[in-house]
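Chemist:
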Amino acid sequence: MAEKHIGVLLMTYGSPSTLDEVPEYMLNVRGGREPEPDLVVEFRRRYDLIGGSPLVRITREQAAALQGELNKDGGDTHYRVDAGMRFSHPFISEVLPEVASNADKLVGIVMSPQFSPIIMGGYVRTLNEAAAQLGRPEMPVRVAGDWHLQPLFIQALAERVRQALEEKFAPEERDQVPVLLTAHSMPKRVIENEPDYINNLKETAAAVAKEVGLADDRWMFCYQSAGHTPEEWLKPDFADIMPELEAAGRKHVLIAPVQFLADHLEILYDIEVGAREQAEEHNIHFARIESLNTSPLFIKALAQVVRETL
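Residue numbers (my numbering): 7 to 316.
In structure tokens form, the structure reads like this:
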């Protein structure tokens, strides 16, 4: 039987590799609109504070781990996996020629389990445009859709929540710790056109809470990382929850993102710095789960997403 070759590309936002690249990166994210100077200063400060974003490095590590997972059975199908960024180097168009060099099929995975045609459509267009430049119309290109309830993904997140409760709270406290399951906030106008996306986020949160065994009064879904625009963004933000926890006499909180799959600015600054400060202002002991990164369960989940997409 002839050997089959499958190219797999993990696609995510990207990040500036140096502080000097912050303006160009923000220009790309904003679709060519120049960012305000004070916004550039603020984001340079944030990236500097966290020592730079590890997102590109970690996504490449996820790609390497996924390639190993897909190829470990030694069958007649060989997988080549890499990572491409939408708004920074290595761009999707830069990585694709090597990934697809001898591929019979190509699979793209947007590194967000909850798929929105509006929000993620840019990745699909970018991948299709880059594939068209290869001049190989016979090569099928498939992009994974929604996988927000993929069982191994839910188990991987639940594992991180259990680990955090066991490692970061005393035995007499951990059974009472409130858990905030978070996702990136969106402008309300965007979501009014696509309510299924938010429903998927909430379904992921509920599935993780059930897998962990959290009682209904111990967890809630909320938002984080609202943008720097004057329009209305989705609520509640975790900043709104901290005073409520204090008023209820709660002394601890655990934050568990259900959308982010790797350490990056929204984890290392928005949560680790911003949410921690907000919790401590309200006399609450703060902790967050370890990001999925290259969790073996999560890598197995990605492998299953690839197989199901094929």
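Even for Gly, the Cβ is constructed at its ideal location relative to N, Cα and C.
Keep in mind it's a predicted model, so treat the numbers as computed, not measured.
(1) So, at 8 Å on beta carbons, what are the nonlocal neighbours of residue 75 in its own chain, with the 5 sequence-adjacent residues on each side left out?
(2) Considering only the alpha carbon of each residue, which of 314, 287, 315 and 301 lies closest to residue 69?
(3) Please name the residue in 252, 192, 284 and 281 whose C-alpha comes closest to that of residue 241.
(4) Between the region 83-100 and the region 172-181, are three or more C-beta pairs nearer than 8 Å?
(5) For residue 114, does the three-state DSSP call read helix, strand or coil?
(6) Along the chain, where does the beta strand (DSSP E) that runs through residue 26 open and close?
(7) For residue 76, name the three-state secondary structure that DSSP assigns.
(8) Distance check for residue 288 and residue 249, CA to CA, integer angstroms please.
(9) With distance defined between alpha-carbon atoms, name the residue in 82, 196 and 255 nearest to residue 237.
(10) Does residue 263 pass the burial test, meaning 16 or more other C-beta atoms within 10 Å, or should it be called exposed?
(11) Report yes if the C-beta distance between residue 211 and residue 265 is below 7 Å; otherwise report no.
(12) Let me check understanding here. Comparing Cα to Cα, which of 161, 51, 15 and 16 lies closest to residue 26?
(13) Can you tell me which of the three DSSP states residue 195 falls into?
(14) Which same chain residues, not among the five before or five after residue 290, have their C-beta less than 7 Å away from its C-beta?
(15) How big is the Cα-Cα spacing for residue 269 and residue 295?
(16) For the region 151-185, which segments carrying the alpha helix (DSSP H) assignment without a break, of at least 4 residues, lie completely within its bounds, in sequence order?
(17) Which residues does DSSP pair with residue 189 in a beta bridge?
(18) Under a three-way DSSP split, which group does residue 86 fall into?
(19) From what residue to what residue does the beta strand (DSSP E) around residue 257 run?
(20) Please work out which residues of its chain come closer than 6 Å, Cβ to Cβ, to residue 99, disregarding the five sequence neighbours upstream and downstream, and give them in chain order.
(21) Please go through the same chain and pick out, in chain order, the residues whose beta-carbon is closer than 8 Å to the beta-carbon of residue 54, but skip the five residues on each side of it.
(22) Find out if the Cβ-Cβ distance for the pair residue 14, residue 153 is shorter than 7 Å.
(23) In this structure, how does DSSP classify residue 145 when only helix, strand and coil are distinguished?
(24) Which residues mark the beginning and the end of the alpha helix (DSSP H) in which residue 309 is found?
Modeler: In terms of the structure at hand:
(1) 305, 306, 308 and 309
(2) 301
(3) 192
(4) no
(5) strand
(6) No beta strand (DSSP E) contains residue 26, which DSSP labels as neither H nor E.
(7) helix
(8) 6 Å
(9) 196
(10) buried
(11) no
(12) 51
(13) helix
(14) 248, 251, 252, 256, 257, 258 and 259
(15) 11 Å
(16) 157-174 and 177-180
(17) 229
(18) strand
(19) Taken as a continuous stretch (DSSP letters only), residue 257 belongs to no beta strand (DSSP E), as it is neither H nor E.
(20) 136
(21) 25
(22) no
(23) coil
(24) 302-315
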